[in-house]
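Take any residue in the sequence shown, note its place counting from 1, add 35, and you have its number in the numbering used here. Idealized CB from N, CA, C, for every residue including glycine. Working notes for the structure below.
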Amino acid sequence: MDKLVNANFENFIGNSEGFSEMAYQMVSHTLTLGYAVMLAGLLYFVLTLKTVSPKYRISNVLSGVVMVSAFLLLYAQAGNWTNSFQYDETIGRYMLQSDGDLFNNGYRYLNWLIDVPMLLFQILFVVSLTKSNFKSIRNQFWFSGALMIITGYIGQFYEVSNLPKFFIWGGISTVFFIHILWVMRKVIQEGKEGIPQEAKKVMNQIWLLFLVSWFLYPGAYLMPHLLGIEGGLFNESGVVGRQMTYTVADISSKVIYGVLLGRVAQIVSKKEGYSY
Ligand code: RET
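Next up, the structure:
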């Protein structure tokens with residue numbers, strides 16, 4: 036294939052040196068793990084619904100919505116990987132298919148478009164805001180969440196073909212990301228007021244988890260260029276590294292985050308006299 040134009044860098048590797056058995060399978064397995072965990076998470080959030088008092092159950096419901104959407108989109112992403120590259124037995128490597136689909140990380144971005152607002156919204160059903168206005172925070176989350184993803188989605192098409200556009204769209208996306216971090220910090224600080232010590236500790240863990248896991252996404256966006264333009268990671272290690280980073284980030288920001296929020300809701304429910 037001569038013209039890959041706006042394709043993601045995975046296709047450029049698959050079209051030149053191709054992937055070793057190990058790299059190809061590691062990506063395939065990582066993607067499979069990703070959607071399997073989402074289904075397992077769904078089971079967990081459904082089964083723990085009654086462990087919190089009714090007013091906090093919407094948090095479990097939102098985790099369930101996130102699980103279903105992530106499961107379906109990650110399943111499509113995994114299929115996209117296996118359809119795009121084929122084993123070439125003459126050279127013993129997986130090469131980009133000439134008549135198939137190209138590989139594109141865009142499925143993930145569309146998944147985030149649903150999940151990012153849900154995840155941000157979810158915490159508002161567990162904490163009580165002392166100073167901020169619920170509606171204003173909710174609208175800021177939705178607005179910046181959606182724009183962060185849409186601008187990043189556009190940018191990722193240019194990761195090989197047009198680096199200035201790639202960095203400009205990525206930069207615009209980062210402005211919305213910083214806004215989200217700032218609002219989230221405020222929500223967590225207010226949320227810690229008046230709740231038991233044990234729940235405060237979990238809130239601190241949520242903030243740390245949030246910071247680490249959300250920063251992994253821009254890291255994966257930059258992955259092919261992390262060690263220099265067309266340098267260190269513009270190869271199969273970068274391809275494997277990117278899918279692993281996304282998978283760790285997804286499991287942390289969706290599943291572990293949901294479990295920790297559930298934990299806060301359990302402690303607060305108990306304090307409010309709810310027993311299960
Ligand atoms: C992009 C583009 C480059 C700049 C930045 C980005 C941030 C992405 C984030 C995504 C979070 C996704 C989550 C999904 C959970 O389902 C779009 C990669 C800053 C923070 C939490």
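What are the boundary residues of the alpha helix (DSSP H) that includes residue i?
i	result
Y122	Unbroken run through Y122 is the beta strand (DSSP E), F120 to D123; no alpha helix (DSSP H).
L216	L198 to G226
K306	Y292 to K306
F138	From DSSP, F138 is part of no alpha helix (DSSP H); its letter is neither H nor E.
A181	F169 to Q191
Note down the Cα distance separating residue i from residue j, rounded to an integer number of angstroms.
i	j	result
K170	L182	18 Å
S51	I215	39 Å
P152	T125	47 Å
L246	M57	31 Å
K165	V299	Per the sequence presented here, residue 165 reads as Thr, with Lys not at that position. So the alpha carbons of these two residues sit roughly 17 Å apart.
F269	F201	15 Å
E271	F54	6 Å
V81	F106	15 Å
L97	G206	29 Å
V161	W242	14 Å
S208	N174	17 Å
R143	M73	14 Å
V290	M238	15 Å
G254	Y309	42 Å
V40	Y188	16 Å
R220	I213	11 Å
W217	T83	31 Å
L155	I149	11 Å
L159	Y129	46 Å
L137	E45	9 Å
K38	G276	25 Å
Y256	L244	19 Å
F211	G180	7 Å
F120	I184	27 Å
S133	R92	49 Å
P315	N43	Lying outside 36 to 311, the shown extent of the chain, residue 315 is not represented and no answer is given.
Q240	I223	10 Å
Y59	N140	16 Å
L198	G229	48 Å
E307	L296	16 Å
S288	S248	6 Å
A75	Q278	20 Å
Give the DSSP bridge partners of residue i, in chain order.
i	result
M130	Q121
Report, in whole angstroms, the separation of the C-beta atoms of residue i and residue j, which I expect to be a contact under 8 Å.
i	j	result
G190	W204	3 Å
A111	L66	Contact doesn't hold; Cβ gap of about 10 Å is too wide.
L261	V283	Between V283 and L261 the Cβ distance is about 16 Å, and since that is not below 8 Å, they are no contact.
S304	S94	Rounded, the Cβ-Cβ distance is 11 Å, inconsistent with contact.
S63	W116	6 Å
Y70	L109	4 Å
I302	P231	6 Å
T86	Y311	5 Å
L68	G99	No, L68 and G99 are not in contact; Cβ-Cβ is about 20 Å, not under 8 Å.
Quick check: is any heavy atom of the ligand FMN less than 7 Å from the C-beta of residue i?
i	result
G187	With respect to the ligand FMN, the structure shown offers nothing to examine, as its ligands consist of the ligand RET.
Whole beta strand (DSSP E) elements within the stretch 47-126, 3-residue minimum: At a cut-off of 3 residues, the continuous stretches assigned as beta strand (DSSP E) that sit fully inside the stretch 47-126 are 120-123.
Which whole runs of the alpha helix (DSSP H) in the stretch 222-293 are 4 residues long or more, in chain order? Within the stretch 222-293, the runs of alpha helix (DSSP H) at least 4 residues long that lie entirely inside it are, in chain order, 232-257 and 271-285.
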